[in-house]
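Asks:
Numbering (my numbering), first residue to last: 1233 to 1693.
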């Protein structure tokens, strides 16, 4: 199999420079409008440790000369999709797990193009002519080698079949995909700093030293990567917007339009098989003044009713003095929970009985590998005790208003109600539980006992 990797890791930065060429030499930081945290920083700042998710204040303290700009995520996603569509002319099976990074299989394309170098040049020409973005393209026998080659490409790089290990030998260990810090630390202690030095270790020794769950990193260093291509493009965000034909100052018609957007958003999420964990609402008034407000969805959801209640609460919190001309709703979908995760094997599979000696040996091994704080004993951890609440109920006895930290919240929606009864033969315990959505967008769980005393169930949160 031959894999082509096309990368533009600084896609948002390059798009902003394309819009304003004077930004090219500035230490640029793009901030998400909803929370003023870093979406991406220019390479010079990334190299000194400025990472996505960092607060603006933190960046200012570490690098006072940073130039901040509000990110236009809809535009970046549009460019990402445009590049994907161009690659789709060469191959329909495209894998993309991050903005500006794509993998395609070119095994069948070898019959069409004179050489792999010719194919790389054609891909570059197509993308640059239509987007004017400086992408790099690399071709190799597997995904890992193609990815590493794309980091070295200028703007193309082709690794001949069978030469993967030779190419990787001089590269640093940090080129490995999400390597555990403990793996890098221990290899550094042994004086091993390059993929070639790592590859020279006997595979059996690596398995004994680091365990079979980390052996695939050694395979990669040797130029072997058995990961198959997964034809899937993951959207960084789902963004829906509506430009209003006439400016609206009344909240009712605005709510109706927002309801239609949330229905479309729910359908998009369900079709893609993901749940949203963050929802952002943006409005623009007739004076071109924009407002942004965001909330975390707990638990994550794709249901229309939850999204509608949450977006409605966000709209009520915005204070607009001028009529609204545009509404935008943005969701950050979740990756699959198992993506890039591995379970450490605690015991040998053939053992059917695990006695105290085996457990002690396993705990000792984990502490040696990951440090003393890697293990916490469960008997020292207790769930938080329920917190007493003031709750007002409607005539039928269900909660409609509550007070948390001296602040009053309206119960917008009751998702679930269930009753728990136990110890009926002794001191009977009877509780009515309610999972509710309150006016700030949060979902919480309440319960009342037989004395009609209300509590917040913090063990669930």
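A virtual CB, placed ideally from N, CA and C, is assigned to each residue, including glycine.
1) Count Cβ pairs between the stretch 1388-1404 and the stretch 1444-1457 that sit closer than 8 Å; are there 3 or more?
2) Note down, one range per segment and in chain order, each alpha helix (DSSP H) of at least 4 residues found wholly within the stretch 1480-1525.
3) In or out: residue 1686 buried (at least 16 other Cβ within 10 Å) or exposed?
4) Should residue 1246 go down as buried or exposed, given a rule of 16 or more other Cβ atoms within 10 Å for buried?
5) Reducing DSSP to helix, strand and coil, say where residue 1631 ends up.
6) Identify the residues that DSSP records as bridge partners of residue 1676: which are they?
7) Please classify residue 1607: is it buried, with 16 or more other beta-carbons within 10 angstroms of its beta-carbon, or exposed?
8) How would you write the range of the alpha helix (DSSP H) that residue 1305 sits in, first residue to last?
9) Between residue 1532 and chain B, is any beta-carbon pair separated by less than 8 Å?
10) Compute the distance between the beta-carbons of residue 1240 and residue 1351, then report whether it is under 8 Å.
11) State the Cα-Cα distance for the pair residue 1513 and residue 1437, rounded to the nearest angstrom.
12) DSSP three-state call for residue 1233: helix, strand or coil?
13) Return yes when the Cβ of residue 1269 is within less than 8 Å of the Cβ of residue 1262, no when it is not.
14) Once you ignore the five residues that flank residue 1583 on each side, which residues in its own chain have a CB closer than 8 Å to its CB?
15) In the DSSP assignment, find the unbroken alpha helix (DSSP H) run with residue 1286 in it and report its ends.
16) Taking 8 Å as the cut-off, decide whether the C-beta atoms of residue 1237 and residue 1378 are in contact.
17) Spell out a yes or no on whether the stretch 1527-1534 and the stretch 1502-1511 are touching, meaning 3 or more CB-CB pairs, one atom from each, closer than 8 Å.
18) My assumption, with CB atoms under 8 Å, is that residue 1334 sits in contact with residue 1316. Please give the rounded CB distance.
19) Buried or exposed for residue 1296, please, with buried defined as at least 16 other CB atoms from any protein chain shown within 10 angstroms of its CB.
20) Quick check on residue 1709: does DSSP put it in helix, strand or coil?
21) When you compare each of 1284, 1244, 1343 to residue 1367 by their alpha carbons, which one comes out closest?
22) Could you check whether residue 1336 and residue 1349 sit closer than 8 Å to each other, using their CB atoms as the reference points?
23) When DSSP labels each residue in this structure, what does residue 1625 get in the three-state scheme?
24) Excluding the 5 residues flanking residue 1680 on each side, which residues of the same chain have their C-beta closer than 6 Å to its C-beta?
25) Based on DSSP bridge pairs, tell me the residues matched to residue 1269.
26) Which residues mark the beginning and the end of the alpha helix (DSSP H) in which residue 1275 is found?
27) As a quick exercise: from 1321, 1266, 1303, 1483, pick the residue whose alpha carbon is nearest that of residue 1551.
28) Going by other Cβ atoms of all chains shown within 10 Å of its Cβ, with 16 needed for buried, is residue 1505 buried or exposed?
29) DSSP on residue 1203, reduced to helix/strand/coil?
30) Where do the N-terminal and C-terminal ends of the beta strand (DSSP E) with residue 1461 fall, by residue?
31) Which residue or residues does DSSP assign as beta-bridge partners of residue 1620?
32) Quick one: what does DSSP say residue 1242 is sitting in, helix, strand or coil?
33) The beta strand (DSSP E) with residue 1345 in it runs from where to where?
34) Check this for me: beta carbons of residue 1493 and residue 1555, under 8 Å apart or not?
35) For the ligand MG, I want to know if residue 1635 counts as a neighbour, meaning its beta carbon is within less than 7 Å of at least one of the ligand's heavy atoms.
36) How about residue 1271 and residue 1303: do their beta carbons lie closer than 8 Å?
Replies: Result, derived from the coordinates:
1) yes
2) 1483-1504
3) buried
4) buried
5) strand
6) 1668
7) exposed
8) 1305-1319
9) As a matter of chain content, chain B is missing from the structure shown, which is built from one protein chain.
10) no
11) 54 Å
12) coil
13) no
14) Reliability fails at residue 1583, whose pLDDT of 49 lies under 50, so the model's placement of it is uncertain and no value is given.
15) Run containing residue 1286: none; DSSP gives neither H nor E here.
16) yes
17) yes
18) 7 Å
19) exposed
20) Outside the modelled stretch of the chain, which goes from 1233 to 1693, sits residue 1709, for which no answer is possible.
21) 1244
22) no
23) strand
24) 1664, 1686
25) 1287
26) 1275-1278
27) 1483
28) exposed
29) Since the first residue of the chain shown is 1233 and the last is 1693, residue 1203 is not available in this structure.
30) Run containing residue 1461: none; DSSP gives neither H nor E here.
31) 1687
32) coil
33) It is not in any beta strand (DSSP E) - residue 1345 carries neither H nor E in the DSSP assignment.
34) no
35) Ligands in the displayed structure: none, and consequently the ligand MG is not present.
36) yes
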